[in-house]
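Take a look at the structure below.
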Amino acid sequence: MYTYAIDDRIELRPLTVFHTEPLYRLIQDSRNHLRDFLIFVEFTTKEDHTRKFVEETVITNAKLESFVSVIYVDDCVAGLVGFNELDQQNKRAEIGYWLGEAYIGQGVMTKAAKAIIQYGFNELGLNRMDLKAAVNNHKSRGIAKRLGFKEEGIIREAEWMHDGYLDHVHYGLLKSDYDESE
0 MYTYAIDDRI ELRPLTVFHT EPLYRLIQDS RNHLRDFLIF VEFTTKEDHT RKFVEETVIT
60 NAKLESFVSV IYVDDCVAGL VGFNELDQQN KRAEIGYWLG EAYIGQGVMT KAAKAIIQYG
120 FNELGLNRMD LKAAVNNHKS RGIAKRLGFK EEGIIREAEW MHDGYLDHVH YGLLKSDYDE
180 SE
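For the sequence shown, numbering that gives the first Met the number 0 gives the first residue as 0, with consecutive numbering after it.
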């Protein structure tokens with residue numbers, strides 16, 4: 000998948016090293032918004048931190064161990080969406096995403112995640128997708144539900160965040176359950 004136009008405003012593009020600076024700037028601009036659920040934000044204090052992440056992800060994307068794309072809105076970098084873990088043998092992936100604060104509440108992530116899900120099922124031949132969201136991350140949980148993911152349980156104390164553990168809701172989506180029209 001190369002540049003993929005979702006609609007007249009939203010596109011997905013492959014992650015490259017040229018995205019380092021705009022992604023770093025977006026993280027800085029959205030720091031307070033992102034920090035509640037994404038621990039990497041605390042450790043992204045220099046552009047080099049973002050560069051290291053991007054370089055590593057470009058390599059894992061090339062090996063088909065991940066599939067992470069950049070979300071563009073009106074030709075501006077708006078966030079990331081994709082498969083953080085891609086298991087070709089078992090035909091499953093874990094989807095992850097984040098969006099800059101200025102783009103929240105516009106349906107951007109629901110559309111971007113839907114495009115990645117369709118690509119995963121139709122082009123990568125996946126059978127299952129997993130999604131994990133903090134119990135109190137209502138926006139992310141809403142996206143999971145809108146996209147047809149089924150709640151499969153709670154992972155207790157799944158992630159250390161700032162000063163305590165967060166429980167995660169584990170969602171799953173099977174190809175046989177997926178309705179592309181949703």
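Backbone N, C-alpha and C define an ideal beta-carbon position, used for all residues, glycine too.
Would you call Trp97 buried or exposed, if buried means 16 or more other Cβ atoms sit within 10 Å of its Cβ? Counting every other CB atom within 10 Å of its CB across the protein chains shown gives Trp97 a total of 16 or more, marking it as buried.
Work out the CA separation of Asp166 and Ala157 for me, nearest whole Å. The alpha-carbon atoms of Ala157 and Asp166 are separated by roughly 5 angstroms.
Can you name the start and end residues of the beta strand (DSSP E) that Tyr170 belongs to? For Tyr170, the enclosing beta strand (DSSP E) covers residues Gly163 to Leu173.
Three Cβ pairs or more, each shorter than 8 angstroms: is that satisfied between the region 53 to 64 and the region 131 to 148? They do not touch, by the three-pair rule.
Exposed or buried, Asp129, counting other C-beta atoms within 10 Å across all chains shown (16 or more means buried)? With at least 16 other beta carbons inside 10 angstroms of its own, Asp129 counts as buried.
Span of the beta strand (DSSP E) holding Lys131? That run of the beta strand (DSSP E) goes Arg127 to Ala133.
Inter-residue spacing [alpha-carbon to alpha-carbon] between Asp73 and Ile9: The alpha-carbon atoms of Asp73 and Ile9 are separated by roughly 7 angstroms.
Give the C-beta separation of Tyr177 and Ala143 to the nearest angstrom, bearing in mind that I take them to be a contact with Cβ-Cβ under 8 angstroms. 13 angstroms between Cβ atoms; not a contact.
Any idea if Gly99 is buried or exposed, counting beta-carbon neighbours within 10 angstroms, 16 or more meaning buried? Buried is the label assigned to Gly99, since at least 16 other Cβ atoms lie within 10 Å of its Cβ.
Taking DSSP as the reference, what is the three-state secondary structure of Asn89? Coil at Asn89, not helix or strand.
Residues near His32 in its chain [Cβ-Cβ closer than 6 angstroms; skip 5 each side]: Contacts found: Glu100.
On the CB-based measure, 16 or more other CB atoms within 10 Å of its CB, does Val76 come out buried or exposed? Burial call: buried.
Could you round the C-beta distance between Leu173 and Arg127 to whole angstroms and report it? I think they count as a contact, below 8 angstroms. Between Arg127 and Leu173 the Cβ distance is about 6 angstroms, and since that is below 8 angstroms, they are a contact.
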